[in-house]
Each structure stands twice: as structure tokens, then as C-alpha cells.
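J.: Supplied in C-alpha cells, the structure appears directly below.
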Amino acid sequence: MDQTISISGDVADTAAAPVARRVPVSLQTRMVILSYLAYFFYYFTRKHLGVATASLVDAGYSKQLIGDANFGFSLLYMVGQGVSGYLGDRIGPRITICAGMVLSALATLAFGFFPLMGLLVVTCTLNGFFQATGWSNTCKVVSSWVTPAQRGRVMGFWLTCYILGSLAATALAGLVVQYWGWKHLFQAAGLIVLVVGIVQGLFLISRPKDAGYEIEEEAASHGASLEKPKGFSEVIRHPSVLLLGVSYTGIKFIRYTFFAWLPLYLREVAKAGNDTAAYTSLAFEIGGVIGLLPSGYLAARWFPDNRTRLAFVALLVMTLVVVLYRQMGGAAGSNLYAHGIGLAGIGAFLYIADSIVSGTAAQDLGGAAKTASVAGVINGIGSIGALCSSKVPIWLEERWGWDSIFVAFIVLSVVSCIAIAPVAMKRELKPI
733 MDQTISISGD VADTAAAPVA RRVPVSLQTR MVILSYLAYF FYYFTRKHLG
783 VATASLVDAG YSKQLIGDAN FGFSLLYMVG QGVSGYLGDR IGPRITICAG
833 MVLSALATLA FGFFPLMGLL VVTCTLNGFF QATGWSNTCK VVSSWVTPAQ
883 RGRVMGFWLT CYILGSLAAT ALAGLVVQYW GWKHLFQAAG LIVLVVGIVQ
933 GLFLISRPKD AGYEIEEEAA SHGASLEKPK GFSEVIRHPS VLLLGVSYTG
983 IKFIRYTFFA WLPLYLREVA KAGNDTAAYT SLAFEIGGVI GLLPSGYLAA
1033 RWFPDNRTRL AFVALLVMTL VVVLYRQMGG AAGSNLYAHG IGLAGIGAFL
1083 YIADSIVSGT AAQDLGGAAK TASVAGVING IGSIGALCSS KVPIWLEERW
1133 GWDSIFVAFI VLSVVSCIAI APVAMKRELK PI
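First residue of the sequence shown: 733, per the numbering used here; consecutive thereafter.
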């Protein structure tokens, strides 16, 4: 009996299966936009604590307690990556994204209305697990609705979701803290994400097959082979996945250190006010937008078969920018303009590497069937860096000053370059 493999990876009888219809561009576009908005708004219940940190310290919350909250968030985020990736491939991203956003919103609202010191650690820790549902599942939506040929161009736009979302979340948080206070920040962020999560549950479609459609190129690639897709246990042992995860550890340490401590760093080193520090910290992500927008074109033009090569180059340049920033006194000066330029330069190249390692490369390795699992594993390993960013930066700062953190950035950047090099040397990055 003739058989074919569906877009979900299930074997189906071609004689019994209905003829799949071609996906309308309008529906494709709506799903890409919905997934974009989902991850854009995930950041509203992720960036709020970093912006509120200085105000929380003024209100009597210790740096150690806030560090514990960040540690709990990162620990559960790391654990949740593998779980959410597996669930996304098993039950579909619509349910996983909706549940994750709603629960993240409720955890944030709980502390906003009941600001007990112990509750800060509990709610932030739980929020880490709920936030882990975001990246792997939104990436899976795109890989399910967009063909491999379209993916490079689409991802060049789509990957701005977490930079612009982070920018918007930081800007809103700075505004709310300045005029209404940190308690209202937790309440506002929670309500916004709650509404968006419900919208995702109502309107997001996990894959074209659920609406009676099929992506032609994916169907052809699956139909050309009857080989069973790799299981989760095989994904987590794949050398390229593991190497990308190790590389992502260094990238995430740098990015999440900025998320958690950059406003406080700017207040203590550059002597900026709380609101000014929050707005100046946006330079890091503005630089990310500037770097990321042309990266889709560059990857498609120069590295179409293996986009991790562009990530490798970006990491090398980022390392040089961090060295230059430190040598010019960026980690010890008080000139906000110098800080802004230096942070923008770091952000531009870090986000190019970040988006490729955690997003595009995960899609290329996972295909439509296993994108969530591959992205979850890469992010899960990389979250070791996020976990360390909750405690290590303050430990370094208390012993050797803020400059020591930038020394750690340089070391980890080199490690990330070494880890990604074997993957970047491959002629082509094929689905595992």
C-alpha cells in the first residue's frame, strides 16, 4: 500500500487521505503575525523585573533576594525548555502558547497585587517555567506555516519580535515605574499578557493540516522519504544541537545579564536616575534591531546552505566590540552617550548570532516536525547561561567591580565561537 508522511510526521494512507489544499498567503501571513505578536508580548512579563530592580532595592528588597528571584526564573526556564519543546511537537503550539502566556500573566499579577518579599521569588520562579513555552513553540508555528525556501526572508523580519518586544516592554516598564510605581508595572504587564494569551488560544492554528491545508515543499520533502523522524532522545544527543546549545550558553549569559542588571549598572556606574537608566539600557536592543534587520538578507545571500556561518562571524565581531568598549572605559565611565554607543554595538552583533543559533538554525535542523524539540534543547542548554546571569554578575561585581563582568563576557564570547565553529564548518545544515 502506498503511504506518505504528513507534515506532522504521522504516516497516513494516501488512498484514504483527503487532497490537501494549498495554503492561502493571507492565512500564512496571519499565522506568522500571530506568532510574532505572541513572542513580542511574552517579554512584557519577562523584562519588568530588570527595570523594576532599582526601585525594588529602594523599597527594601535586597540585591540577593532579587538575585534569588532571577535564579529561580532561569532555573525553571531552563527545565521548561525541554518540556515545552516536547509538548509543542506532541500537542501543538496553540495550546502550549496560550497556557504559557495566561499562567505567566497570573504569576506576574499575583506579585503586583500581593508584593510580599517571599512571593517575589515564588512567582518569578514559576514564571520562568511558563515563559519557557514561548520561543520553541512560536518558532514551530513559523516552520509549520512557511516553506524552507521562504524561511530565510520571513525569519529576517520575524526574528525582530523578541528585540522589539523587549524594547517595547522596557520602554513601557520605564514609563510605568516613573509615573505610577513598580507595583503598577507588575499589574499592567500581567494584564496585557493575559489578553494576548487568550487571543492566541482563540485564533492561532498550530499547523496547516489542522485547517485542511499543507505546505507543498514540506509535503514533498516528507513524501520523498519514509524514514521515521528522530525522537526527542535522538534530538538531545545530536552533536550539532549540543554544540549550538553550548554556544548559546555564552550568548544567553551576556544577554540575560544585561536584562537583569543593566539598569542598575547604569545607575551605579553612570550615575543615571532610575528612569534614565531604563531608557539608556534600550541602546543594547536598538543595536540589536539595527544588526538583525539586514541579517536575513546577508544570510540568504552569502550563507544560504549554512546560516550558522554568519553567526560565527557575528560572534567574532561582537567579541572585538566588547574588548573595545571595555578598553575605552565603557565599564567605568559616566558618559551615557559612550555607554549607549558601546551597548548598541554589542547588541547589534550579539542579536545576529542569537537569532540564528536559537531560531533559524533550530528550524533548519528540526524541520517542521521537530523544530520545537530542537529549539527547546538549544534554548535549554543555553539557559545555563541565563541561570548563571542571575547570581554570577553580582558575585563578580561585589569582589572585583563591574569591569570584571565584561571580562567574563569576553571569555564566554570566545567559548561560544569555539563551540559553534564545527557546525559553521559544515557545507550544509540539513534536518536531522
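Idealized CB from N, CA, C, for every residue including glycine.
As the structure is a computational prediction, the values presented were derived from the model and not from experiment.
For valine 978, which residues from the same chain have a beta carbon less than 7 Å from its beta carbon, with the 5 sequence-adjacent residues on both sides left out?
T.: As a first step, residue 978 is located in the sequence shown; it is residue number 246 there, counting from the start. Excluding residues within five positions, the ones whose Cβ falls inside 7 Å are Ile1113 and Ala1151.
J.: In chain order, what residues of the same chain have a beta carbon less than 6 Å from the beta carbon of threonine 785, not counting five sequence neighbours either side?
T.: Start at 1 with the first residue of the sequence shown, and residue 785 comes out as number 53. Counting only Cβ-Cβ distances below 6 Å, and skipping sequence neighbours, we find Ile798 and Leu996.
J.: In three-state DSSP terms, what is glutamate 1017?
T.: Locating residue 1017 in the sequence shown gives position 285, counting from the first residue. Reduced to three states, the DSSP call for glutamate 1017 is helix.
J.: Inspect the beta-carbon positions of glycine 844 and phenylalanine 889 and report whether they are closer than 8 Å.
T.: Sequence index remark: in the sequence shown, residue 844 carries index 112 (1-based). Sequence index remark: in the sequence shown, residue 889 carries index 157 (1-based). Not in contact: glycine 844 and phenylalanine 889 (Cβ atoms no closer than 8 Å).
J.: Could you give the C-beta distance for serine 806 and alanine 1046, rounded to a whole number, given that I count them as a contact under 8 Å?
T.: Indexing the sequence shown from 1 puts residue 806 at position 74. Indexing the sequence shown from 1 puts residue 1046 at position 314. 24 Å between Cβ atoms; not a contact.
J.: Fully enclosed by the region 855 to 880, which beta strand (DSSP E) runs are 3 residues long or longer?
T.: Qualifying beta strand (DSSP E) stretches: none in this window.
J.: Using DSSP with H/G/I as helix, E/B as strand and the rest coil, what is arginine 885?
T.: As a first step, residue 885 is located in the sequence shown; it is residue number 153 there, counting from the start. Note: arginine 885 maps to helix in three-state DSSP.
J.: Between Arg883, Ala1043, Ala837 and Ala1002, which lies nearest to phenylalanine 862 when the distance is taken from Cα to Cα?
T.: In the sequence shown, residue 862 corresponds to position 130, counting from 1. With distances taken between Cα atoms, phenylalanine 862 lies closest to Ala837.
J.: Thinking tryptophan 912 and valine 764 are a contact (beta carbons under 8 Å), I'd like their distance in whole angstroms, please.
T.: What you label residue 912 is simply residue 180 of the sequence shown in a count that begins at 1. What you label residue 764 is simply residue 32 of the sequence shown in a count that begins at 1. With a Cβ gap of about 34 Å, tryptophan 912 and valine 764 do not count as contacting.
J.: Run through DSSP, which three-state label would serine 953 get?
T.: As a first step, residue 953 is located in the sequence shown; it is residue number 221 there, counting from the start. Caution is warranted here: a pLDDT of 46 is assigned to serine 953, below 50, making its placement in the model unreliable, and no coordinate value can be reported.
J.: When you compare the region 1066 to 1078 with the region 1024 to 1038, are there three or more beta-carbon pairs, one atom per stretch, that lie closer than 8 Å?
T.: Output reads no: the region 1024 to 1038 does not touch the region 1066 to 1078.
J.: Measuring CA to CA, which of Ala801, Ser794, Asp821 and Leu899 is closest to alanine 1076?
T.: In the sequence shown, residue 1076 corresponds to position 344, counting from 1. With distances taken between Cα atoms, alanine 1076 lies closest to Leu899.
J.: I'd like to know whether the C-beta atoms of threonine 1055 and isoleucine 1078 end up nearer to each other than 8 Å.
T.: As a working note, residue 1055 is residue 323 in the sequence shown. As a working note, residue 1078 is residue 346 in the sequence shown. Checking the displayed sequence, the identity of residue 1055 turns out to be valine instead of threonine. No. Outside cutoff.
J.: Does DSSP put arginine 969 in a helix, in a strand, or in coil?
T.: Your numbering for residue 969 matches position 237 in the sequence shown. DSSP places arginine 969 in coil when its eight states are reduced to three.
J.: Which residue from Glu1017, Thr855 and Thr865 puts its Cα closest to that of glycine 897?
T.: For this step, residue 897 is matched to residue 165 along the sequence shown. With distances taken between Cα atoms, glycine 897 lies closest to Glu1017.
J.: Which same chain residues end up closer than 6 Å to alanine 864 when comparing Cβ atoms and leaving out the 5 residues on each side of it in sequence?
T.: Within the sequence shown, residue 864 is the residue found at index 132, counting from 1. Cβ within range, chain order: Tyr809, Gly812, Gln813 and Ser816.
J.: Please classify proline 1036: is it buried, with 16 or more other beta-carbons within 10 angstroms of its beta-carbon, or exposed?
T.: The residue given as residue 1036 occupies position 304 in the sequence shown. Proline 1036 comes out exposed.
J.: Throw me the rounded Cβ distance for the leucine 1024 and isoleucine 986 pair, which I believe falls under 8 Å.
T.: On the sequence shown, position 292 is the one that residue 1024 refers to. On the sequence shown, position 254 is the one that residue 986 refers to. About 16 Å; that fails the 8 Å criterion.
J.: Output the boundary residues of the alpha helix (DSSP H) element that contains aspartate 1135.
T.: Indexing the sequence shown from 1 puts residue 1135 at position 403. Here the alpha helix (DSSP H) through aspartate 1135 covers 1135 to 1156.
J.: Since arginine 754 contacts tyrosine 1011 with CB under 8 Å, what's their CB separation in whole angstroms?
T.: For the purposes of this step, residue 754 is taken as residue 22 along the sequence shown, with counting starting at 1. For the purposes of this step, residue 1011 is taken as residue 279 along the sequence shown, with counting starting at 1. That pair is no contact at about 47 Å.
J.: Do you know offhand how far glycine 933's Cα is from threonine 777's?
T.: Start at 1 with the first residue of the sequence shown, and residue 933 comes out as number 201. Start at 1 with the first residue of the sequence shown, and residue 777 comes out as number 45. One C-alpha to the other measures close to 18 Å.
J.: Compare the beta carbon distance of valine 853 and aspartate 790 with 8 Å and say whether it is the shorter of the two.
T.: Mapped onto the sequence shown, residue 853 falls at position 121. Mapped onto the sequence shown, residue 790 falls at position 58. Not in contact: valine 853 and aspartate 790 (Cβ atoms no closer than 8 Å).
J.: Is it true that the region 966 to 982 meets the region 1137 to 1151, where meeting means three or more beta-carbon pairs spaced less than 8 Å apart?
T.: The region 966 to 982, when compared against the region 1137 to 1151, does touch it at the 8 Å Cβ threshold.
J.: Out of Ala1140, Ser1087 and Asn802, which has the shortest C-alpha to C-alpha gap to serine 1179?
T.: This structure does not reach residue 1179, given that the chain is present from 733 up to 1164, and the question cannot be answered.
J.: If I follow the unbroken alpha helix (DSSP H) through aspartate 1037, where does it start and stop?
T.: Position 305 of the sequence shown, counted from the first residue, corresponds to residue 1037. First-last for aspartate 1037: undefined, no H or E at that position.
J.: Please list, in chain order, all residues of the same chain as aspartate 942 whose beta carbon is under 8 Å from its beta carbon, the five residues on each side excluded.
T.: Locating residue 942 in the sequence shown gives position 210, counting from the first residue. Result list for aspartate 942: Gly824, in chain order.
J.: Quick check on DSSP: helix, strand or coil for glycine 1011?
T.: Stepping through the sequence shown from its first residue, residue 1011 is reached at position 279. Going by the sequence as given, residue 1011 is tyrosine instead of glycine. Residue state, collapsed to three classes: helix.
J.: Would you mind working out which of Arg999, Ile930, Tyr768 and Arg1039 sits nearest arginine 1159, comparing C-alpha positions?
T.: Here residue 1159 is taken as the residue at index 427 of the sequence shown, counted from 1. The candidate whose alpha carbon is nearest that of arginine 1159 is Arg1039.
J.: Looking at valine 925 and phenylalanine 772, is the spacing between their C-beta atoms short of 8 Å?
T.: Your numbering for residue 772 matches position 40 in the sequence shown. Your numbering for residue 925 matches position 193 in the sequence shown. In this structure, valine 925 does not lie closer than 8 Å to phenylalanine 772 by Cβ.
J.: Start and end of the alpha helix (DSSP H) containing tyrosine 1083?
T.: Position 351 of the sequence shown, counted from the first residue, corresponds to residue 1083. 1068 to 1087 is the span of the alpha helix (DSSP H), which, as asked, contains tyrosine 1083.
J.: So what does tyrosine 945 bridge to, in DSSP terms?
T.: For the purposes of this step, residue 945 is taken as residue 213 along the sequence shown, with counting starting at 1. Beta-bridge pairing links tyrosine 945 to Arg753.
J.: Would you please state the rounded distance, in angstroms, between the beta carbons of valine 874 and serine 972? I believe it to be under 8 Å.
T.: Locating residue 874 in the sequence shown gives position 142, where the first residue counts as 1. Locating residue 972 in the sequence shown gives position 240, where the first residue counts as 1. That belief does not hold up - the Cβ atoms of valine 874 and serine 972 are roughly 20 Å apart, past 8 Å.
J.: Here's the rule: buried if 16 or more other CB atoms are within 10 angstroms of the residue's CB, otherwise exposed. What is leucine 781?
T.: Residue numbering aside, residue 781 sits at position 49 when the sequence shown is read from its first letter. Label assigned to leucine 781: buried.
J.: Cβ atoms of leucine 848 and glycine 922: under 8 Å apart, would you say?
T.: One-based indexing of the sequence shown puts residue 922 at position 190. One-based indexing of the sequence shown puts residue 848 at position 116. Going by C-beta atoms, glycine 922 is not nearer than 8 Å to leucine 848.
J.: Thinking just about the alpha-carbon of each residue, which of Pro1163, Trp1132, Ile1126 and Ser1145 is nearest to the one in glutamine 796?
T.: Translated into positions along the sequence shown, residue 796 becomes position 64. Measuring from the Cα of glutamine 796, the nearest candidate turns out to be Ile1126.
J.: Determine the closest residue to leucine 759 out of Lys1003, Leu936 and Asp1007, with distance taken between C-alpha atoms.
T.: Mapped onto the sequence shown, residue 759 falls at position 27. For the residues Lys1003, Leu936 and Asp1007, the minimum Cα distance to leucine 759 belongs to Leu936.
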